[in-house]
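**Student:** Sequential numbering of the sequence shown, starting at 17, is according to our numbering.
Supplied in structure tokens, the structure appears directly below.
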Amino acid sequence: MNKKKVVVMGGGNGSAVSLSALKQHTDMFDISAVTSMVDSGYSTGAMRKKFGILPPGDIMRASVSMSKYDYAILKSIFYKNRPTSLEKINKDLNAERGPSLGNLFLLLVSQYEGDFVTALRALEEIVESVGHSYPSTLEQSNIVVELENGDIIKTEHKIDEPDYDRSLKIKRAWLDPEVPAYKDALREIREADAILFGPGDLYTSIISAMLPTGIKEAIDESKAKLVYVVGNAYHTEGETGPEKLSEFVNQLESYLPRPLDVVVYNNTELNNLQVETYKKRGWSLIDCDMENINQDRLVCGNYERSSGGLCPEKLGMIFKSLSSQCK
């Protein structure tokens, strides 16, 4: 059986869910990631300012999630656990939380080797990733959004953790400065059988990965099926994007050269334990207005963890069932 070439576009934890799901079926899929490069918060943002490094956090998680080893363990080692004993670097970065091991590795190797992608490939070699991550761009840039009242908000951190009136929704997004897409990322997109978007924050994770110059054209040139993994929730206090399923779809499509082929939605009815998990993590459920969605492209299924949150193993089975649609 010929494997399907699948590219996941996005950033942060969302892409890691889809990549973890796909790696369950490496007999069917060749996987890669094209990752947003606009993260500006916490230690990642501090590293960008002090060392001029490309933001390492999101793409590090994408690479680690493709490891043949358990992602939950690797996530704790490379991302979640932050050393408090590194007094000098923590002081120099002056970040709200210290740097992760993964970020420190990419910083050290990229500075020593003089190349960010070389550092990324070294990390993937260490964790034995089954695919590669590609930065959406190799140049520094920030995401900027215009709110519906005309206000302009700059940088991912200020958009992702807004201090403005939350009733003001995001109207449009762009990069400042405009930057070209990484040529290897464009190649991956053009050669893909399927391009998966998400899950994750619509603007600061997914759309931001699509904004470098050339990516929209590469998607248009590809013959890939376009698949949006919506999940079922959004961060209650996060970016002021859509709240209805149809709005998520419509706003993503406004940045694409053609309509989505498949929309994957988690239609699980949460139990009490899962509801409590959502409350603790600050998640609100998406308003599922299915009457406003083309039913022919909507794929609903249960890919919820028993404890709450998206389950890569269950999502992987949905991807497996969809593979026949990729010609």
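Idealized CB from N, CA, C, for every residue including glycine.
1. Since L136 is in the alpha helix (DSSP H), which residue starts that stretch and which ends it?
2. How would you write the range of the beta strand (DSSP E) that T51 sits in, first residue to last?
3. Should M53 be labelled buried (16 or more other beta-carbon atoms within 10 Å of its own) or exposed?
4. Where do the ends of the alpha helix (DSSP H) carrying F335 lie?
5. I need the DSSP call for L122, collapsed to helix, strand or coil.
6. Relative to the C-alpha of V146, which candidate in K330, S81, N29 and D74 has its C-alpha closest?
7. Per the contact definition of three or more C-beta pairs closer than 8 Å, is the stretch 182 to 189 in contact with the stretch 252 to 262?
8. On the premise that L70 lies in contact with L154, defined as a C-beta separation below 8 Å, what is that separation, rounded to the nearest angstrom?
9. In or out: N158 buried (at least 16 other Cβ within 10 Å) or exposed?
10. In or out: D217 buried (at least 16 other Cβ within 10 Å) or exposed?
11. Looking only at C-alpha atoms, which of I169, G61 and I175 sits nearest to N119?
12. Hey, would you say G332 sits closer than 8 Å to H41, going by beta carbons?
13. Apart from the five residues just before and just after L123, which ones in its own chain have a Cβ nearer than 7 Å to its Cβ?
14. Report the option in E177, D303 and G325 whose CA atom is closest to the CA atom of Y58.
15. With DSSP as the reference, identify every bridge partner of I158, one or two as the case may be.
16. Rounded C-beta distance between I231 and L261? I'm assuming under 8 Å.
17. Of the choices E320, S270, K20 and D277, whose alpha-carbon is the least far from that of R313?
18. Are S221 and G26 close, meaning C-beta to C-beta below 8 Å?
19. Alpha carbon to alpha carbon, how far is R321 from C327?
20. If contacts are defined as beta-carbon pairs under 8 Å, then T229 and P193 qualify, I think. What distance do you get, rounded to the angstrom?
21. Please go through the same chain and pick out, in chain order, the residues whose beta-carbon is closer than 7 Å to the beta-carbon of P344, but skip the five residues on each side of it.
22. Which one of Q156, D131 and Y180 has the shortest CA to CA distance from G166?
23. What residue does the beta strand (DSSP E) around N287 start on, and which one ends it?
24. Tell me which residues share the same chain as S79 and place their Cβ nearer than 8 Å to its Cβ, disregarding the 5 neighbours each side in the sequence.
25. Out of K20, K19 and V24, point me to the one whose CA is closest to L202's CA.
**Tutor:** To lay it out plainly:
1. Residue 136 sits at position 120 when you count from the first residue of the sequence shown. For L136, the enclosing alpha helix (DSSP H) has its first and last residue at F132 to V143.
2. Start at 1 with the first residue of the sequence shown, and residue 51 comes out as number 35. Looking at the DSSP string, the run of the beta strand (DSSP E) that includes T51 is F45 to T51.
3. Looking up residue 53 in the sequence shown gives position 37. By the neighbour-count rule (16 or more Cβ atoms within 10 Å), M53 is buried.
4. Position 319 of the sequence shown, counted from the start, is the residue given in the question as residue 335. Its alpha helix (DSSP H) spans residues P328 to L338.
5. Locating residue 122 in the sequence shown gives position 106, counting from the first residue. In the structure shown, L122 sits in a helix (DSSP, three-state: H, G or I).
6. For the purposes of this step, residue 146 is identified with residue 130 of the sequence shown, where counting begins at 1. The shortest C-alpha separation from V146 is found at S81.
7. They touch, by the three-pair rule.
8. Mapped onto the sequence shown, residue 154 falls at position 138. Mapped onto the sequence shown, residue 70 falls at position 54. Contact flag correct, Cβ pair sits at about 7 Å.
9. In the sequence shown, counting from the first residue as 1, residue 158 sits at position 142. Buried, because 16 or more other Cβ atoms sit within 10 Å of the Cβ of N158.
10. Taking the first residue of the sequence shown as position 1, residue 217 is located at position 201. With 16 or more Cβ atoms within 10 Å of its Cβ, D217 is classed as buried.
11. Looking up residue 119 in the sequence shown gives position 103. It is G61.
12. For the purposes of this step, residue 332 is identified with residue 316 of the sequence shown, where counting begins at 1. For the purposes of this step, residue 41 is identified with residue 25 of the sequence shown, where counting begins at 1. Cβ atoms of G332 and H41: closer than 8 Å.
13. The count along the sequence shown starts at 1 and reaches residue 123 at position 107. Closer than 7 Å at the Cβ level, and outside the excluded window around L123, lie M63, F67, I69 and P72.
14. Residue mapping note: residue 58 aligns to position 42 of the sequence shown, counting from 1. Checked all of E177, D303 and G325; the closest Cα to Y58 is E177.
15. As a first step, residue 158 must be located in the sequence shown, where it is residue number 142. At residue 158 the sequence reads Asn, which differs from the Ile that was named. The partner list for N158 (beta bridge, DSSP) reads D192.
16. Here residue 231 is taken as the residue at index 215 of the sequence shown, counted from 1. Here residue 261 is taken as the residue at index 245 of the sequence shown, counted from 1. Going by Cβ atoms, the distance from I231 to L261 rounds to 24 Å, so no, they are not a contact pair.
17. By one-based count along the sequence shown, residue 313 stands at place 297. With distances taken between Cα atoms, R313 lies closest to D277.
18. Residue numbering aside, residue 221 sits at position 205 when the sequence shown is read from its first letter. Residue numbering aside, residue 26 sits at position 10 when the sequence shown is read from its first letter. Between S221 and G26, the gap from beta carbon to beta carbon is short of 8 Å.
19. Counting from 1 along the sequence shown, the entry for residue 321 is found at position 305. Counting from 1 along the sequence shown, the entry for residue 327 is found at position 311. Straight-line Cα distance between these residues: approximately 5 Å.
20. Against the sequence shown, residue 229 aligns to sequence position 213. Against the sequence shown, residue 193 aligns to sequence position 177. About 10 Å separates the two Cβ atoms, so there is no contact after all.
21. The question about residue 344 has no answer here: the residues shown for the chain are numbered 17 through 343.
22. Here residue 166 refers to the residue found at position 150 when the sequence shown is read from its first residue. Ranking Q156, D131 and Y180 by Cα distance to G166 puts Y180 first.
23. Translated into the one-based positions of the sequence shown, residue 287 becomes position 271. Segment: none, N287 is in no beta strand (DSSP E) and carries neither H nor E.
24. In the sequence shown, residue 79 corresponds to position 63, counting from 1. Contacts found: A49, L136, L139, E140, V143, S145, H148 and S149.
25. Here residue 202 refers to the residue found at position 186 when the sequence shown is read from its first residue. Among K20, K19 and V24, the Cα nearest to that of L202 belongs to V24.
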